[in-house]
Amino acid sequence: MVDLLLLRHGIAEERGADRPDAERALTDLGRRRTRAVAERLVALGLGSSQAVSSPLVRARQTAEIAAQAGLFGPGGADFRIDPALAPGGDPVPLIRAFQRAASAQSPKPGSTQRLVLVGHEPDLGDLAARLIGAPSGTITLKKAGVALLSLGFGL
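The numbering of the sequence shown is the working numbering, which starts it at 45 and goes up by one.
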């Protein structure tokens, strides 16, 4: 079984003319809430050894906090950066590659492989909607919000 955990970045600095959107960082409140969410996910047993983040600063910082909280495995395992998770990107090829790798490992019956994607709205919500067959715009993740989808091995 393959699960997909979608994690939206935490609360970030307001948009402004003084910096590009891609460089907006998490606020102190955004960091605290992101840490609380990540710690709760770990407590629920929803960690993963595989994680991919958008290259934008606020998403990378969210992934770093999640890694420090142990969401990506013991010892704060690393995550990779992929532009497919930047606003307007298409993460479906990443998901398919993960599913292929997971199915090739011949997992034990009842075991679950989980991939965490850290990104942005409306992209993550639209991805979740697409994967469950709902219309675009019907799912919205709040900042530091999560969605967990069980995909099996097919997409």
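Note that the Cβ used here is the ideal one computed from N, Cα and C, for glycine as well. Keep in mind the model is a prediction, meaning the values are calculated, not measured.
Report the residue ranges of all beta strand (DSSP E) runs contained in full by the segment 57-131; include only those spanning at least 3 residues, in chain order. 94-97
If you count every other CB in all the chains shown that lies within 10 Å of the CB of Ala61, and 16 or more means buried, which is it? exposed
Span of the alpha helix (DSSP H) holding Asp134? Element bounds for Asp134: n/a, residue is neither H nor E.
DSSP state of Ser147 mapped onto helix, strand, coil: helix
First and last residue of the alpha helix (DSSP H) that includes Ala172? Asp167 to Ile176
Skipping 5 residues on each side, what residues in its chain have a beta carbon closer than 7 Å to that of Glu57? Arg68, Ala69 and Thr71
Given a cut-off of 8 Å, decide if Ala130 and Leu100 are closer than it, judged by their beta-carbon atoms. yes
Buried or exposed: Thr182, going by 16 or more other Cβ atoms within 10 Å of its Cβ? exposed
Comparing alpha-carbon positions, which option in Leu168, Arg174, Ala173 and Ile55 lies nearest Arg102? The option with the nearest alpha carbon to Arg102 is Ile55.
Does DSSP put Ala141 in a helix, a strand or coil? helix
Could you give the distance in angstroms between the alpha-carbon of Arg84 and the alpha-carbon of Gln94? 18 Å
Nearest neighbour of Arg174, chosen from Ala191, Val160, Val162 and Leu159 [CA to CA]: Ala191
Bridge partners of Ala191, per DSSP? Answer is Leu50.
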